[in-house]
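Input: a single structure, listed below in structure tokens.
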Amino acid sequence: METTKDSLLYAIEVSKSMLTRGTLKDVLAAVRDSVRERMIAYPMDNTGVLLYGVSGHKNNCKILLDLKPQNSRGIKLLFRLLEDETFFEESVVPAAGNTTSLGDVFFNAGVMFEQEKAKSFRRLVLVTDNDQPHDPETRLFEVAKIKSYDLVQKNVTIVPVFVSYPDRRFEVSKMWEDFYYTPEFYIDSSNTKLEPINGSPKDILTAISNQEVPRRPAFRNCIQLGDLKIDVRAYVLYKQQLPSQKYDVSVDGDKPVVAVSRTHYIVEESGREVEKEDMTRAFKFGKSRIVVDQETLDSLKDFGEPAIRILGFQKRSEVVLAGHLSHSLFIYPWDVLSKGSIRAFIALWRSLLNKDKVAIAQCILRTNSAPCIAALYPSPEVLSPDGHQTSPPGIYLVTLPYMDDIRDIPQNTIHLTAEEGLVDLAGAVVDKLTMPQGYRPERYRNPKLLWVSSIIEAQALSREMPKGAVDGTLPKYRSIETRSGAAIRALNEVLTKIPPKEEKAEPPAKRVKHADISIEHAESLAANQNLDKLTVDQLKGLTAHAGVPEPQGRQKKHLVQALMEFFKGM
Numbered sequence: 001m002e003t004t005k006d007s008l009l010y011a012i013e014v015s016k017s018m019l020t021r022g023t024l025k026d027v028l029a030a031v032r033d034s035v036r037e038r039m040i041a042y043p044m045d046n047t048g049v050l051l052y053g054v055s056g057h058k059n060n061c062k063i064l065l066d067l068k069p070q071n072s073r074g075i076k077l078l079f080r081l082l083e084d085e086t087f088f089e090e091s092v093v094p095a096a097g098n099t100t101s102l103g104d105v106f107f108n109a110g111v112m113f114e115q116e117k118a119k120s121f122r123r124l125v126l127v128t129d130n131d132q133p134h135d136p137e138t139r140l141f142e143v144a145k146i147k148s149y150d151l152v153q154k155n156v157t158i159v160p161v162f163v164s165y166p167d168r169r170f171e172v173s174k175m176w177e178d179f180y181y182t183p184e185f186y187i188d189s190s191n192t193k194l195e196p197i198n199g200s201p202k203d204i205l206t207a208i209s210n211q212e213v214p215r216r217p218a219f220r221n222c223i224q225l226g227d228l229k230i231d232v233r234a235y236v237l238y239k240q241q242l243p244s245q246k247y248d249v250s251v252d253g254d255k256p257v258v259a260v261s262r263t264h265y266i267v268e269e270s271g272r273e274v275e276k277e278d279m280t281r282a283f284k285f286g287k288s289r290i291v292v293d294q295e296t297l298d299s300l301k302d303f304g305e306p307a308i309r310i311l312g313f314q315k316r317s318e319v320v321l322a323g324h325l326s327h328s329l330f331i332y333p334w335d336v337l338s339k340g341s342i343r344a345f346i347a348l349w350r351s352l353l354n355k356d357k358v359a360i361a362q363c364i365l366r367t368n369s370a371p372c373i374a375a376l377y378p379s380p381e382v383l384s385p386d387g388h389q390t391s392p393p394g395i396y397l398v399t400l401p402y403m404d405d406i407r408d409i410p411q412n413t414i415h416l417t418a419e420e421g422l423v424d425l426a427g428a429v430v431d432k433l434t435m436p437q438g439y440r441p442e443r444y445r446n447p448k449l450l451w452v453s454s455i456i457e458a459q460a461l462s463r464e465m466p467k468g469a470v471d472g473t474l475p476k477y478r479s480i481e482t483r484s485g486a487a488i489r490a491l492n493e494v495l496t497k498i499p500p501k502e503e504k505a506e507p508p509a510k511r512v513k514h515a516d517i518s519i520e521h522a523e524s525l526a527a528n529q530n531l532d533k534l535t536v537d538q539l540k541g542l543t544a545h546a547g548v549p550e551p552q553g554r555q556k557k558h559l560v561q562a563l564m565e566f567f568k569g570m
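Heads up: the sequence shown begins at 1 in full-length UniProt numbering, then just goes up one per residue.
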């Protein structure tokens, strides 16, 4: 099982060019937003900020935010740094000359990562506009390479963000190409392109926000094809992001204190409290309960060691991926435990693509998890028109249903036909409202998540409360009217002239008869003051069955009171 924590450290160079062009403030604003988003979405993950090239600090390195789960104090510091010009000028003074060593930067980053108590998935995001901090022939260059190798030994992935300007291009070939394309600098250097970003605020925000989502693998596993074993890591590419966790707190003291919940187990018939150690599990079998011991329960979960065992191959067109039961996983090779896994994985991936096939596999994804059948769906690399990767090459693992999971398809008893001309009119509306680039999720923020986060942030940072939620998912009615208003009106005009068809009224649904309640069970409920948990129909049936005098009222409270008095007199 992979570690669940993610540690992200931003190392930002403070240079005169970044100060005079305003790039440093753009980077800090993007980092502030990134830290704020991670604090809400991933409150247990570590985030830190290291500035280098700052005068007045040892080795010209200043720790702005310690590498830890951040709180409102760190966000307030970043807000003050960006909004208070005097504080910014006093805090961020560039060092004289170009004297900051990358080796010192990597050393300080290593110390910050070492101070973590728990293991985590570590990344160092290096932001700079300096295309040659060291001459490749100097000792400083060699020291920096050694220190970067030390970071890799600590499982730190270094991700560079190179800032380029229209009047001063960032030349990767001056130093970074020789430095970066070495095994010491980046674990996955063969699949990484050194492409500088534009120095505009929008591009900087995009480059920084791309790093805020954790890159940790969900788990490790292996693909088995006969005697061949390929080690892989699984990644969750899409996961619903929910608002931050809510807590029950006590506000009696000076500050809110989290209330701890406790669970008590009570025997239903007698109301006697039972300790958890005195209980075991039972399965319902008809009206009886079958008790099983802990050893049997453990055996029910044991289906063998985790593995992805390929059963065979099938044409891609014959696999219905719409029937998946859970979100897909993206699997990628891992060459640490079994050498040659990357080459074997690439061979399998290319064969599936070239032959237009999908592998069908029996999967036990984690220890003690139930086996499932999945399709290993090959995905080619997809590049945007400007050459950036929009979809990585690899294999998607899509969970397929068992026979037990398939529901009956409802029979279509309605003859679906459209009046003459309606299809063409509806087609005109569809054509005019077709989205040229389709649905692109990166354009839409979750309005509920955005609204909740803005309220929490405003209260935590003592800032002005937002006036209303910004919902970018609402239809753009003016644009719809401009593009297809005439076509919609033409379709509606024809629809209003067609008389509605008569539909047969469906018979009323049968009422479900409630189960009878025994006198003994009702007496135990009365002893524990739990009669109000019964429904009104059950209470009425119980009063009639027990011969309880009819109460003055027929509301639930009257029935409960009459039954309580009846059982007290027994």
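Using N, Cα and C, we set each Cβ at its ideal position, and we do this for glycine too.
Treat the numbers as computed from the prediction; the structure is a model and nothing was measured.
- As the crow flies, the alpha-carbon of E114 is around 36 Å from that of E381.
- In this structure G56 is exposed. Its beta-carbon is surrounded by fewer than 16 other beta-carbon atoms within 10 angstroms.
- With a contact defined as Cβ atoms closer than 8 Å, L140 and S173 miss out at about 19 Å.
- In the displayed model, R281 falls within a strand according to three-state DSSP.
- The stretch 445 to 461 and the stretch 237 to 247 touch, with three or more beta-carbon pairs separated by less than 8 Å.
- Per the coordinates, the alpha-carbon of L491 lies some 8 Å from the alpha-carbon of V429.
- Where D231 is concerned, the enclosing beta strand (DSSP E) starts and stops at L228 to Y235.
- As the crow flies, the alpha-carbon of P306 is around 45 Å from that of Y52.
- Runs of the beta strand (DSSP E) lying entirely within the stretch 244 to 322, each at least 3 residues long, are 281 to 285, 288 to 292 and 307 to 315 in chain order.
- The shortest CA-to-CA distance from T496 to any of C363, Y477 and E419 is the one to E419.
- Taking a contact to require three or more Cβ pairs closer than 8 Å, the stretch 161 to 179 and the stretch 66 to 74 do not qualify as touching.
- Annotated three-state conformation of T399 is strand, per DSSP.
- The beta carbon of L297 is closer than 7 Å to those of R281 in its chain, skipping five residues each way along the sequence.
- Exposure of K284 is indicated by the presence of fewer than 16 other C-beta atoms within 10 angstroms of its C-beta.
- For the set G438, K432 and R489, the Cα lying nearest the Cα of R483 is the one of K432.
- Annotation: G421 to G485 spans about 18 Å, alpha carbon to alpha carbon.
- If you ignore the 5 residues before and after A370, its C-beta comes within less than 7 Å of the C-beta of F303, all in its own chain and listed in chain order.
- I204: member of the alpha helix (DSSP H) spanning P201 to S209, first to last residue.
- R168 has Y165 as its beta-bridge partners, per DSSP.
- In this structure, the CA atom of M279 is about 26 Å from the CA atom of A259.
- Around the beta carbon of G110, 16 or more other beta carbons lie within 10 angstroms, which makes this residue buried.
- About 6 Å separates the beta carbons of A359 and L352, which is inside the 8 Å limit, making them a contact pair.
- Here the alpha carbon of Q555 sits roughly 57 Å from the alpha carbon of M435.
- Per DSSP, the beta bridge partners of G394 are S379.
- Secondary structure remark: continuous beta strand (DSSP E) runs of at least 3 residues inside the stretch 67 to 142, in chain order: 121 to 128.
- Judged by DSSP secondary structure, D424 falls within the alpha helix (DSSP H) whose first and last residues are L422 to K432.
- Straight-line measurement puts the Cα of S72 at about 6 Å from the Cα of A460.
- Judged by beta-carbon spacing, G323 lies beyond the 7 Å limit of P378, meaning their Cβ atoms are not closer than that value.
- When the beta-carbon positions are compared, S120 and K5 come within less than 7 Å of each other.
- A527: member of the alpha helix (DSSP H) spanning I519 to A527, first to last residue.
- Exposure of G438 is indicated by the presence of fewer than 16 other C-beta atoms within 10 angstroms of its C-beta.
- Annotation for E13: the continuous beta strand (DSSP E) segment containing it runs D6 to E13.
- Taking every protein chain shown into account, the CB of A544 has fewer than 16 other CB atoms within 10 angstroms, so this residue is exposed.
- Under the DSSP assignment, N46 falls outside any alpha helix (DSSP H), being part of the beta strand (DSSP E) whose first and last residues are N46 to Y52.
- A buried status is given to L563, since no fewer than 16 other beta-carbon atoms sit within 10 Å of its beta-carbon.
- Rounded to whole angstroms, the gap between the alpha carbons of M403 and S328 is 20 Å.
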